[in-house]
Amino acid sequence: MSYKDMLICKNLQINDKGHLCFAGIDTLELAKQYGTPTYFMDEDRIREMCNIYKSALEDAFKEKGRAIYASKAASFKQMYRIMKEEDMFCDVVSVGEIYTAIKAEFPPEKLYFHSNNKTDYDIEFAIKNNVGFFVIDNTEELLAIDRIAEKLNKQPQIIIRVTPGIDTHTFEAVATGKVDSKFGFAIETGAADEITKLALSLKNIKFMGFHCHVGSQLFDSDVYIRSAEIMLNYIIHVRDDFGFSASMLDLGGGYGVRYLETDPTIDIYENIITVGKYVKDFCEKNNLELMQISFEPGRSIVADAGLTLYTVGNVKKIPGFINYVSCDGGMADNVRFAMYEAPYTVLPAGDMLKNGDMKSSIVGRCCESGDVIQPDVLMPSDIKRGDIVAVCTTGAYNYSMASNYNRLPKPQVVMIRNGKTYVAVKGETLDDLIDCDI
Ligand code: LLP
2 MSYKDMLICK NLQINDKGHL CFAGIDTLEL AKQYGTPTYF MDEDRIREMC NIYKSALEDA
62 FKEKGRAIYA SKAASFKQMY RIMKEEDMFC DVVSVGEIYT AIKAEFPPEK LYFHSNNKTD
122 YDIEFAIKNN VGFFVIDNTE ELLAIDRIAE KLNKQPQIII RVTPGIDTHT FEAVATGKVD
182 SKFGFAIETG AADEITKLAL SLKNIKFMGF HCHVGSQLFD SDVYIRSAEI MLNYIIHVRD
242 DFGFSASMLD LGGGYGVRYL ETDPTIDIYE NIITVGKYVK DFCEKNNLEL MQISFEPGRS
302 IVADAGLTLY TVGNVKKIPG FINYVSCDGG MADNVRFAMY EAPYTVLPAG DMLKNGDMKS
362 SIVGRCCESG DVIQPDVLMP SDIKRGDIVA VCTTGAYNYS MASNYNRLPK PQVVMIRNGK
422 TYVAVKGETL DDLIDCDI
């Protein structure tokens with residue numbers, strides 16, 4: 002296959018020198034200017050995705066539609082500034098994400114605080130900082146929120162996370178909507194009813210509605226309709242049996258992105274419009290007032306806005322076995338293959354007109370055999386030390402899951418907007434690595 006057929010997002014192109022361009026810029030120029038490894042992010046693409054979600058939700062639900070960015074996908078100050086400018090809400094899962102958002106002047110009342118184990122410290126921090134919503138995951142935390150809210154004389158808004166019991170055929174580690182999930186309250190087992198009754202009895206919270214999230218990297222366009230149906234039926238049951246009218250329903254995140262040219266494309270705008278029709282019809286038929294409907298995407302907002310550039314070091318050919326192409330990053334900056342065997346498209350940034358004739362394993366520089374960015378990719382057989390390789394679709398869950406394993410400094414994040422580049426996160430220095438050491 003030629004590399005031309007592997008340009009999986011429209012921000013990838015080949016210029017007349019045969020170099021890969023990202024967001025309109027020659028990637029060899031980017032590597033020269035910023036060094037490697039570096040995460041690059043196409044800010045125009047991030048904003049475009051925000052607008053797709055916002056316009057779909059507005060067209061589907063008018064003022065009742067709400068787009069929430071799940072910031073675990075990529076969390077640093079500039080991301081929250083962009084989300085503020087784009088008028089998005091944000092999902093946060095830790096005090097660290099809340100703190101980062103607040104320091105970026107993101108309005109705290111537009112934050113939804115998730116996590117399946119919020120400590121008393123987390124809860125107090127969030128209430129004191131006026132975080133908009135708590136997404137309730139378990140009974141202990143709901144009781145703690147009520148108690149801490151009373152002490153602080155506040156009344157935080159809550160929504161309850163319910164597991165609708167859907168198997169989404171996604172890989173196990175990111176499937177979250179099944180009955181036996183670590184997250185939320187199952188409808189089937191009666192757990193959702195128990196927590197709903199408890200929430201209705203508490204005085205120091207404002208109970209707003211329900212949340213569900215069934216999985217990640219989903220392409221099945223039916224999934225959101227199936228979960229909406231289950232959730233809306235549940236909302237009717239709660240209205241009829243407990244006398245509570247939910248005013249919010251959050252359908253979670255999960256839309257899939259293309260990592261490989263064989264991955265399907267999902268039209269997110271159309272899919273949300275279809276879900277919208279379903280939800281409105283359902284409400285009308287069942288005499289249910291339309292509540293506020295939100296989606297909470299992470300990956301699909303940022304994934305294909307990202308590209309990582311590495312420099313090739315050692316090329317080790319073991320005839321009859323395997324060819325290793327080592328690069329100057331690895332599992333510390335992209336743990337997703339090591340953790341989930343996640344696929345990636347890897348391209349020879351300076352040799353896009355050549356043929357990929359050498360099956361190679363692109364590996365990192367960590368002292369660990371599992372430090373593989375991607376096995377079985379085709380590279381030109383003359384690839385050598387100093388060449389640049391690009392790993393595509395790295396905008397989600399790469400920087401945010403990076404570690405300092407082997408004391409590797411985390412790479413910088415460089416944003417590209419309207420053909421201009423700027424550093425959004427500085428690369429760590431050696432001194433940063435020892436900064437907390439006593
Ligand atoms: N809402 C909730 C409650 C979630 O747990 C998640 C993701 C999202 C929204 C956003 O889902 P997305 O639109 O990004 O699929 N580290 C894994 C992904 C874990 C997803 C965790 N929850 C990976 O690298 O694939």
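Heads up: the sequence shown begins at 2 in our numbering, then just goes up one per residue. C-beta atoms are modelled at their ideal positions from N, C-alpha and C, and glycine is treated no differently.
Simplified DSSP state of Thr-43, which is helix, strand or coil:
Here residue 43 refers to the residue found at position 42 of the sequence shown. According to the sequence displayed, residue 43 carries Asp and not Thr. Note: Asp-43 maps to strand in three-state DSSP.
According to the neighbour-count rule (16 or more other Cβ atoms, all chains shown, within 10 Å of its Cβ), is Ala-174 buried or exposed?
Within the sequence shown, the letter at position 173 stands for residue 174. The predicted position of Ala-174 is uncertain, since its pLDDT is 49 and thus under 50; a value taken from the coordinates is nonetheless stated next. Residue burial annotation: Ala-174 is exposed, with fewer than 16 other C-beta atoms found within 10 angstroms of its C-beta.
Could you check whether Ile-146 and Ile-124 sit closer than 7 Å to each other, using their CB atoms as the reference points?
Counted from its first residue, the sequence shown places residue 124 at position 123. Counted from its first residue, the sequence shown places residue 146 at position 145. The answer is yes: Cβ separation under 7 Å.
Measure the alpha-carbon distance for Ala-465 versus Lys-104 and round it to whole angstroms.
The requested residue 465 does not occur in the structure, where the chain is confined to residues 2 to 439.
Look at the alpha carbon of Leu-289 and the alpha carbon of Leu-13, and state the distance between them as a whole number of angstroms.
Looking up residue 289 in the sequence shown gives position 288. Looking up residue 13 in the sequence shown gives position 12. Spanning the two alpha carbons is a distance of roughly 46 Å.
Taking 6 Å as the limit between beta carbons, can you name the residues of its chain near Lys-63, skipping five residues before and five after?
In the sequence shown, residue 63 corresponds to position 62, counting from 1. Within the same chain, Lys-63 has no close Cβ partners at all.
Segment limits, alpha helix (DSSP H) that includes Tyr-270
In the sequence shown, the residue the question calls residue 270 occupies position 269. Counting along the chain, Tyr-270 sits inside the alpha helix (DSSP H) bounded by residues 269 to 286.
Exposed unless 16 or more other CB atoms sit within 10 angstroms - verdict on Val-424
On the sequence shown, position 423 is the one that residue 424 refers to. When all chains shown are included, Val-424 counts as exposed.
Would you mind listing the beta strand (DSSP E) stretches within the region 340 to 420 that are 3+ residues and don't spill past its ends, in chain order?
Those beta strand (DSSP E) runs which fall completely within the region 340 to 420 and span 3+ residues are 347 to 349, 359 to 364, 373 to 380, 389 to 393 and 414 to 418.
Look at the Cβ atom of Asp-43, then the Cβ atom of Ala-71, and state whether they are nearer than 7 Å.
By 1-based counting over the sequence shown, the position of residue 43 is 42. By 1-based counting over the sequence shown, the position of residue 71 is 70. Remark: C-beta atoms of Asp-43 and Ala-71 do not approach each other more closely than 7 Å.
Looking at the secondary structure, which residues open and close the beta strand (DSSP E) in which Lys-318 lies?
As a working mapping, residue 318 is identified with position 317 in the sequence shown. From DSSP, the beta strand (DSSP E) with Lys-318 extends over 307 to 319.
Within the continuous beta strand (DSSP E) that includes Lys-155, where are the two ends?
Within the sequence shown, the letter at position 154 stands for residue 155. Membership of Lys-155 in any beta strand (DSSP E) is not indicated, and neither H nor E is assigned to it by DSSP.
According to DSSP, is Ile-103 helix, strand or coil?
Taking the first residue of the sequence shown as 1, we reach residue 103 at position 102. Here Ile-103 sits in helix by DSSP.
Since Met-232 contacts Gln-293 with CB under 8 Å, what's their CB separation in whole angstroms?
Along the sequence shown, read from residue 1 onward, the residue named residue 232 stands at position 231. Along the sequence shown, read from residue 1 onward, the residue named residue 293 stands at position 292. Gln-293 and Met-232 do not touch by the CB rule: their CB atoms are close to 13 Å apart, not below 8 Å.
Would you grab the beta carbon distance between Ala-254 and Gly-299 for me? Rounded to a whole angstrom, and I think it's under 8 Å.
Taking the first residue of the sequence shown as position 1, residue 254 is located at position 253. Taking the first residue of the sequence shown as position 1, residue 299 is located at position 298. In the sequence as displayed, the identity of residue 254 is Gly instead of Ala. Yes, they are in contact, since the Cβ atoms of Gly-254 and Gly-299 sit about 5 Å apart, within 8 Å.
Can you tell me whether DSSP reads Thr-28 as helix, strand or coil?
Counted from its first residue, the sequence shown places residue 28 at position 27. Assignment of Thr-28 by DSSP, reduced to helix, strand and coil, places it in the helix class.
Is the closest heavy atom of ligand 1 to the C-beta of Arg-67 under 6 Å?
Taking the sequence shown and counting its residues from 1, the one referred to as residue 67 is at position 66. The answer is no for Arg-67.
With a threshold of 16 other CB atoms inside 10 Å of the CB of Asp-251, please say whether the residue is buried or exposed.
As a working note, residue 251 is residue 250 in the sequence shown. That one is buried.
DSSP three-state label for Asp-88, please.
Taking the sequence shown and counting its residues from 1, one reaches residue 88 at position 87. DSSP, reduced to helix, strand and coil, places Asp-88 outside both helices and strands of the structure shown, so it counts as coil.
Label Met-446 either buried or exposed according to how many other C-beta atoms from any shown protein chain fall within 10 Å of its C-beta, with 16 as the threshold for buried.
Residue 446 is absent from the structure shown; the chain starts at 2 and stops at 439.
Could you check whether Val-163 and Phe-211 sit closer than 7 Å to each other, using their CB atoms as the reference points?
As a working mapping, residue 211 is identified with position 210 in the sequence shown. As a working mapping, residue 163 is identified with position 162 in the sequence shown. Closer than 7 Å, so yes.
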